[in-house]
Amino acid sequence: MKAFEFLENKSQTLGKTMVLDKGLGLNEVDDLIATAGDYMTFAKFGWGTAATMDRELIKAKTAKYDAAGIIPYPGGTLLEVSVAAGKYDAFLDEAKNLGFKGIEVSDGSTTVDSRTRGELIVKAKQAGFYVISEVGKKNPELDHDLTPAERVALMNEDLKNGSNYVIIEAREAGKNIGIYDANGNIVADELDALTPDGIDHIIFEAPLKGQQTALILKYGPQVNLGNIAHDEVTSVATLRRGLRADTVGKV
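The working numbering puts the first residue of the sequence shown at 2, with every later residue one more than the last.
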């Protein structure tokens, strides 16, 4: 039983939360799951961090996440490096052996043509992975070249090919990229242009509290949020449930 359970709105649906694991140790993972595991859906081993750790450590971490009902997956940059090296099949095999349950398909740091991108998604699905794709570029200049229509087309194609969710790129900083301006504020026209079919299959990277608050107030607590720092998961949960001043009486 949770403390102050009588304050919980049982009819309220909370969105998915993707947490950025940048290299947590086993004790930190245990503490994170104990305090906020109920509010985590995905644990992304950011960028290529998984390739810097001992295999047994990664297997221990993925097992802990999986046992808690959280889907662990390696960052898309690691996939991109593997694809560029012509080692995608080996990447999928290693990801499975390490206990990852999801795969992120992206081209944020490299260039992947649309046909190959679709094939990557299909192959990951066939291998039994939960697939999350990401739309956007890590380089702000290149990201700004993508029009909202192009992003929507990529999102729809990814979903058609089997992606379970599509992430809107914002990086860890959440500024001057995707739907955010140089100060990290949401560009309303950009956001609205990306959601003609709703938000059910979209995960908005929103590393900053102001972004999390704005998206929750706009779409409700069911909005899916990503790139949440491991020590901010509980904070996001309070925003979703109206237990923080920013959303009290508003959700």
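We put the CB at the ideal spot given by N, CA and C, even for glycine. It should be emphasised that the depicted structure is a prediction, and the values quoted were computed from it without experimental measurement.
For Gly103, the uninterrupted beta strand (DSSP E) segment begins and ends at 103-106.
Remark: fewer than three beta-carbon pairs, one from each stretch, lie closer than 8 angstroms, so the segment 27-38 and the segment 4-11 are not flagged as touching. Under the 8 angstroms Cβ criterion, the segment 162-176 counts as touching the segment 198-205, having at least three qualifying pairs.
When DSSP states are grouped into helix, strand and coil, Ile169 belongs to the strand group.
Bounds of any alpha helix (DSSP H) do not take in Asn228; it lies within the beta strand (DSSP E) bounded by 226-230. With a cut-off of 8 angstroms on Cβ pairs, the segment 184-191 is not in contact with the segment 116-134, counting fewer than three such pairs. Annotation for Leu99: no alpha helix (DSSP H) segment contains it, and DSSP assigns it neither H nor E.
It is roughly 31 angstroms from the alpha-carbon of Asn162 to the alpha-carbon of Thr53. Of the residues assessed, Ala37 falls on the buried side of the cut-off, its CB having 16 or more other CB atoms within 10 angstroms. Using a C-beta cut-off of 8 angstroms, the segment 18-28 makes no contact with the segment 134-147, since fewer than three inter-stretch Cβ pairs fall below that distance. By the neighbour-count definition (other C-beta atoms within 10 Å, threshold 16), Glu233 is a buried residue. Looking only at Lys139, Asn184, Glu135, Glu142, the smallest Cα-Cα distance to Arg152 is reached by Glu135. One Cα belongs to Phe130, the other to Val252, and the distance between them is close to 34 angstroms. Here Ala215 has Ile187 as same chain residues with Cβ atoms under 6 angstroms from its own Cβ, once five neighbours each way along the sequence are excluded. Residue burial is scored here from C-beta neighbours: Asn184 has fewer than 16 other C-beta atoms within 10 angstroms and is therefore classed as exposed.
For Val237, same chain residues with a beta-carbon under 8 angstroms away, outside a window of 5 residues either side, are Thr18, Tyr40, Gln213, Leu226, Ile229 in chain order. Every alpha helix (DSSP H) of 4 residues or more that sits fully in the segment 51-125 is shown, in chain order, as 56-68, 77-85, 89-98. In the DSSP assignment, the residues bridged to Ala44 are Val20, Pro73.
DSSP, reduced to helix, strand and coil, places Val30 within a helical segment of the structure shown.
Bounds of the alpha helix (DSSP H) holding Ile217 are 210-220.
Apart from the 5 residues on each side of it in sequence, Val224 sits with its Cβ closer than 8 angstroms to the Cβ of Gly16, Ile200, Phe205, Leu216, Ile217 in its chain, given in chain order.
Less than 8 angstroms divides the Cβ of Tyr66 from the Cβ of Pro73. Here Ser134 is bridged, per DSSP, to Val106, Val167.
DSSP lists no beta-bridge partner residue for Ile200.
Here Ile187 is bridged, per DSSP, to Tyr181. The C-alpha of Lys138 is placed about 30 angstroms away from the C-alpha of Lys60.
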